[in-house]
Amino acid sequence: MNNIIRILILAIIGGLIGYITNVIAIKLIFRPINPIKIPILNIEIIGMIPKRKTEIAINIAKVVEEQFISVDEITDNIITEQDKQHIIDYIKVRVKLILSEKMTLIPSTIRNLVQNYVSEIIEDEIREGIDELSEEMIIKTKNRINIKEIIENKINELDLYELETIILQIVKNELRHIEVLGLILGFFIGIVQGIITIFI
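Under our numbering, the first residue of the sequence shown is numbered 1, with each subsequent residue one higher.
Now the structure itself:
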């Protein structure tokens with residue numbers, strides 16, 4: 001009976017140590033946010049994320065740019081063929097209305113011929129102009145947008161407390177599992193230690 005109690009006590013102690021150790025380890029990822037200097041030992045204690053914030057921002061931005069979002073993907077959808085056709089149709093309608101207002105004294109047959117001719121010109125010339133403009137816009141957009149730089153700056157601008165909150169919201173369940181796993185592993189290690197002490 002005494003052996004069982006000893007094993008149980010060691011298991012509980014092991015579980016608590018495992019749990020507390022993992023909780024502290026997780027806290028040390030973020031804390032302390034501001035460096036704490038220990039003068040005698042000449043050591044500076046600071047959380048991993050506050051210490052490596054710039055490096056983390058660079059790596060996250062690089063991964064996002066390379067794996068998730070590219071400037072080409074964004075620019076491909078700036079002006080679609082459907083958008084171009086919508087612009088052309090809009091111009092045609094507007095020009096037709098203007099011609100109808102300005103050519104009221106001209107016979108309808110001639111007016112219709114002029115409107116049809118103008119519509120054909122718009123279809124050909126405006127489409128070509130839109131193609132040229134859209135290509136120019138895409139080139140300028142590619143030169144102006146730097147996804148990596150934008151993400152990097154956004155992360156670096158984040159307050160460290162805010163960054164901690166965001167990360168914890170994303171991986172809250174996973175961190176909880178790590179804490180519980182520490183408790184379970186510590187508990188079983190305590191049982192093994194208890195059994196070993198009985199036979200020694």
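Just so you know, even glycine gets a beta-carbon here, dropped at the ideal spot from N, CA and C.
Next on the checklist: Taking the alpha carbon of F188 as the reference point, which residue from N2, N3 and I7 has its own alpha carbon closest?
Outcome noted: As a working note, residue 188 is residue 188 in the sequence shown. The candidate whose alpha carbon is nearest that of F188 is I7.
Checklist entry - In chain order, what residues of the same chain lie with their CB nearer than 7 Å to the CB of F30, ignoring the 5 residues before and after it? => result The residue you call residue 30 lines up with position 30 of the sequence shown. Excluding residues within five positions, the ones whose Cβ falls inside 7 Å are G47, I49 and E164.
Checklist entry - Taking Cβ positions, are S134 and K92 nearer each other than 9 Å? => result Here residue 134 corresponds to residue number 134 of the sequence shown, with the count starting at 1. Here residue 92 corresponds to residue number 92 of the sequence shown, with the count starting at 1. No, they are not a contact pair.
Next on the checklist: My output table needs one value for I45: the three-state DSSP class, helix, strand or coil.
Outcome noted: Here residue 45 corresponds to residue number 45 of the sequence shown, with the count starting at 1. DSSP places I45 in the strand class (E or B) of the three-state scheme.
Item to check | Cβ shell of L183 (< 7 Å), same chain only, five flanking positions each side left out | outcome: As a first step, residue 183 must be located in the sequence shown, where it is residue number 183. Only G15, G18 and Y19 meet the Cβ criterion.
Checklist entry - Under 9 Å, do K148 and V23 count as touching if we go by C-beta distance? => result By one-based count along the sequence shown, residue 148 stands at place 148. By one-based count along the sequence shown, residue 23 stands at place 23. Going by C-beta atoms, K148 is not nearer than 9 Å to V23.
Checklist entry - For I69, which three-state DSSP category applies? => result Position 69 of the sequence shown, counted from the first residue, corresponds to residue 69. Correct three-state label for I69: coil.
Next on the checklist: V114 and L99 - do their beta-carbons sit closer together than 9 Å?
Outcome noted: Translated into positions along the sequence shown, residue 99 becomes position 99. Translated into positions along the sequence shown, residue 114 becomes position 114. Remark: C-beta atoms of L99 and V114 approach each other more closely than 9 Å.
Next on the checklist: So for I91, helix, strand or coil by DSSP?
Outcome noted: Mapped onto the sequence shown, residue 91 falls at position 91. In this structure, I91 counts as helix in the three-state DSSP scheme.
Item to check | Segments of 3+ residues assigned as beta strand (DSSP E) that fall wholly inside the region 6–50 | outcome: As far as the region 6–50 is concerned, its whole beta strand (DSSP E) runs of at least 3 residues are 36–38 and 43–45.
Item to check | Proximity below 9 Å, CB of I69 to CB of I155 | outcome: Locating residue 69 in the sequence shown gives position 69, counting from the first residue. Locating residue 155 in the sequence shown gives position 155, counting from the first residue. In this structure, I69 keeps its C-beta atom at 9 Å or more from the C-beta atom of I155.
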